[in-house]
Amino acid sequence: MNNSQNRQKKSSVRFGHQKMESLFFQKVNLMAFSIRNDNNIKREDNQWQNRQKSGIKSRV
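So the sequence shown is numbered by our numbering: it starts at 2 and just counts up by one.
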């Protein structure tokens with residue numbers, strides 16, 4: 002009885018750890034994605050500013 006309870010506890014701890022890990026990786030992927038997006042937005046802003054400087058009006 003006691004032995005099976007211990008085994009269950011261990012497996013649940015392991016499962017919890019896996020869950021945490023997958024959440025962690027999801028968060029890292031999200032961060033990487035948002036950083037990539039930020040860079041794209043900055044690049045577009047720069048292109049737009051360059052166009053403004055050269056006198057070409059473009060819609061935002």
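Where is the CB? At the ideal position from N, CA and C, for every residue including glycine.
Inter-residue Cα distance where the pair is residue i and residue j
i, j, result
"residue 34", "residue 53", "29 Å"
"residue 51", "residue 45", "10 Å"
"residue 23", "residue 29", "10 Å"
"residue 4", "residue 26", "33 Å"
"residue 31", "residue 37", "10 Å"
7 Å CB neighbourhood of residue i in its chain, flanking five on each side removed
i, result
"residue 42", "none"
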